[in-house]
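Engineer:
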Amino acid sequence: RARAGTIRAPHFTGGGVTFAVGSVFDQKVNRKARRSALRGALSSHVSNGTLGLLAADSFGTPSTKQAKGLVESWGKDAPLLLVVTEEEETLIKSFRNLPKTLITVPSELEVASVVWARSLLITEGALPLVQGRAT
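If you want it as structure tokens, here you go:
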């Protein structure tokens, strides 16, 4: 007799599904709750002193060395979250190669990334957009 294994095998009637799609655990979060969580995460950075404002014109040309020096002189721990607008290409190019640094735009700012980061830098151009997203 052939060794067929268990009767729960996919080739038996009533058995399992061969290439079943995995479960999806996404949950809907209400807009007010999402905004409240973002406000709480941002206020925790403010109260801890780990939120910094960065002038967009502080970098004339892209320079990772200058970005690394700025982060080291600031003295805050990595991981770092940098929130910039799409127009601030020099800042994006300067910070994108630093380890444990996440760069995002205000429209894609998430609570999980704000909580993940131990320090948070927001440019002056992105600050009103972040405030609008949190209120």
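For the sequence shown, the residue numbers in the working numbering are 4 to 138. Positions of the beta carbon are idealized from the N, C-alpha and C atoms, including for glycine. Being a predicted model, the structure only gives us computed values, none of them experimental.
Thr9 to Gly18, Cα distance in whole Å?
Structural biologist: Between Thr9 and Gly18, the C-alpha separation is close to 9 Å.
Engineer: Does the Cβ-Cβ distance between Val114 and Ala44 come in under 8 Å?
Structural biologist: Yes, the Cβ-Cβ distance between Val114 and Ala44 is below 8 Å.
Engineer: Quick one: what's Thr107 bridged to in DSSP?
Structural biologist: Answer is Val86.
Engineer: Quick one: Cα of Phe15 to Cα of Asp29, how far?
Structural biologist: Straight-line Cα distance between these residues: approximately 32 Å.
Engineer: What is the DSSP secondary structure of Ser122, reduced to helix, strand or coil?
Structural biologist: Note: Ser122 maps to strand in three-state DSSP.
Engineer: Start and end of the alpha helix (DSSP H) containing Gly72?
Structural biologist: First-last of the alpha helix (DSSP H) with Gly72: 67–77.
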